[in-house]
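Peer 1: The letter at position 76 of the sequence shown is residue 76 when you use UniProt numbering, and the numbering goes up by one with no holes.
Glycine is no exception: its CB is placed at the ideal position from the N, C-alpha and C atoms.
Quick one: this structure, given as structure tokens, is what I'll be asking you about.
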Amino acid sequence: MSRHYSPDLKTLAIYLYSKNAFKSISHVFDMLGPARLLQEIDNAQDYADQLESDMMSELENGRLVRLLCKFGFINERPEFDMDPRWAETGERYPIKLFRDYVFHQTDERGNAVLNLGHVISCLNKLDAGSEERVMLISREEQTCLVMTYKEIKACIETAFGELSRTR
């Protein structure tokens, strides 16, 4: 036992296993010392905080994956090629523009910008239905829409709802 545990814990174990008839929790606390108990409580709290942080990260990941799946299901479906709702004047067009805004950013030289922070920020605002406005510009820069994330979210939910009803 001495090989794996501190002398204090070894003494406590011997005390608890002894034949002494009267044992009290206050005597156990005295043997362990307040500093050791506070350290254990602090360690337990740190562990609980870490678990909560991990849980929140997983929850965040789940929300973002659901949004990405919806995008995948509704964008660029071949059966919508001739659907007027997906044309440049259609009610689904903002979804295509938003997809380009989030995932197809380019720098001044036309090189792809791979900014994961931008993607996550946009998806979080979309998921929350933020009232913040975003300017959506077509690839040829002939169309410009200013919409809130809330309005874009409603377009996505409507399109996904219609798609899921048709299956």
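1. Can you say whether Y15 is buried or exposed, counting buried as having 16 or more other CB atoms within 10 angstroms of its CB?
2. Using CA coordinates, which residue listed in C122, D107 and G72 is at the minimum distance from F160?
3. If you check the beta carbons only, do E131 and T148 fall under 8 Å apart?
4. I need the straight-line Cα distance from E141 to D46, nearest angstrom please.
5. In this structure, does DSSP put M56 in helix, strand or coil?
6. In angstroms with no decimal places, state the Cα-to-Cα distance between residue 174 and A48.
7. Is P94 closer than 8 Å to I152 when the C-beta atoms are compared?
8. Give a yes or no on whether the C-beta atoms belonging to R92 and C155 are separated by under 8 Å.
9. Please state the DSSP three-state secondary structure of V119.
10. I'd like the span of the alpha helix (DSSP H) that includes L163, first residue to last.
11. Any idea what DSSP makes of L114, helix, strand or coil?
Peer 2: With the given structure in hand:
1. When all chains shown are included, Y15 counts as exposed.
2. Just measuring C-alpha positions, the residue of C122, D107 and G72 sitting nearest F160 is G72.
3. Yes.
4. So the alpha carbons of these two residues sit roughly 51 Å apart.
5. Helix.
6. This structure does not reach residue 174, given that the chain is present from 1 up to 167, and the question cannot be answered.
7. P94 sits close to I152, with the two beta carbons spaced by under 8 Å.
8. Yes, the Cβ-Cβ distance between R92 and C155 is below 8 Å.
9. In the displayed model, V119 falls within a helix according to three-state DSSP.
10. Counting along the chain, the alpha helix (DSSP H) containing L163 begins and ends at Y149 to R165.
11. Look at L114 here: in three-state DSSP terms it is coil, with no helix or strand label.
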